[in-house]
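> Quick one: structure below, then a few questions.
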Amino acid sequence: MDLQGYLSEVLGEYRLYKRMCERAVAQVSDEDFFATLDPKSTSIAVILKHLAGNHRSRWRDFLTSDGEKADRHRDHEFVVDGETRSSILKRWQEAWKITFDSLENLSVDDLDRKVTIRGEPHSVVEAIQRNLAHLAYHVGQAVFLARHFAGPAWQTLSIPRGGSEEYNRRSWGSGKPR
289 MDLQGYLSEV
299 LGEYRLYKRM
309 CERAVAQVSD
319 EDFFATLDPK
329 STSIAVILKH
339 LAGNHRSRWR
349 DFLTSDGEKA
359 DRHRDHEFVV
369 DGETRSSILK
379 RWQEAWKITF
389 DSLENLSVDD
399 LDRKVTIRGE
409 PHSVVEAIQR
419 NLAHLAYHVG
429 QAVFLARHFA
439 GPAWQTLSIP
449 RGGSEEYNRR
459 SWGSGKPR
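Going from the sequence shown to this note's numbering is simple: count from 1 and add 288.
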């Protein structure tokens, strides 16, 4: 894969995780959006607020300033007192706009540049991969919680359990994997 292909693939992965998370979150009530499994767990609301804070910090002025911005208050991302689903989703969308604006403006030449996160140097590729892994980890948490809270009403985000052969038949014309 060439470097332009890499940038396109990364952008596609970010879009995939955003869409997956939003499809999962849409399946829970406002009450469940803020619910935790136990007192030491986080809620979907906290996960989205944290991801929004992380993306806003990492992707704003990505190539020219440290990824941990002075105006980020990470510990506040884990508190949702007084927040509404709407306020958190607004923050989520604003952070994604920053993320996509930054990613869409990267060039192949930018991949050789260095950026810092908490004063630590990273190649642009390393910073992207680090952030993508962080995103995948937390989206997985949010999907797990949404699946739990939705219960029997859950609409799968991928191939339904027991549906692989039918999926393969529709995709490849036979029930057998290739």
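We treat Cβ as the ideally placed atom computed from N, Cα and C, and that holds for glycine.
Kindly indicate which residue of Leu394, His436, Ala434 has the alpha-carbon position closest to the one of Leu291.
Leu394
> Under 8 Å by Cβ, that's how I've got Ile386 and Arg348 pegged, so tell me the actual separation to the nearest angstrom.
5 Å
> Could you tell me the distance, in whole angstroms, from the CA atom of Leu351 to the CA atom of Ile335?
26 Å
> Please name the residue in Gly293, Gly428, Cys309 whose C-alpha comes closest to that of Trp384.
Cys309
> Count the other CB atoms within 10 Å of the CB of Ala340; is the residue buried (16 or more) or exposed (fewer)?
buried
> May I ask you to list the residues that DSSP assigns as paired with Ser411?
Lys402
> With His410 and Arg418 assumed to form a contact (beta carbons below 8 Å), what rounded beta-carbon distance in angstroms separates them?
Contact flag correct, Cβ pair sits at about 7 Å.
> Only counting the same chain, and skipping five residues up and downstream in sequence, which positions put a Cβ closer than 8 Å to that of Ser317?
Phe437
> In chain order, what residues of the same chain lie with their CB nearer than 7 Å to the CB of Arg401, ignoring the 5 residues before and after it?
Leu351, Val412
> Quick check: the Cα distance between Trp442 and Ala314, rounded to an integer number of angstroms?
10 Å
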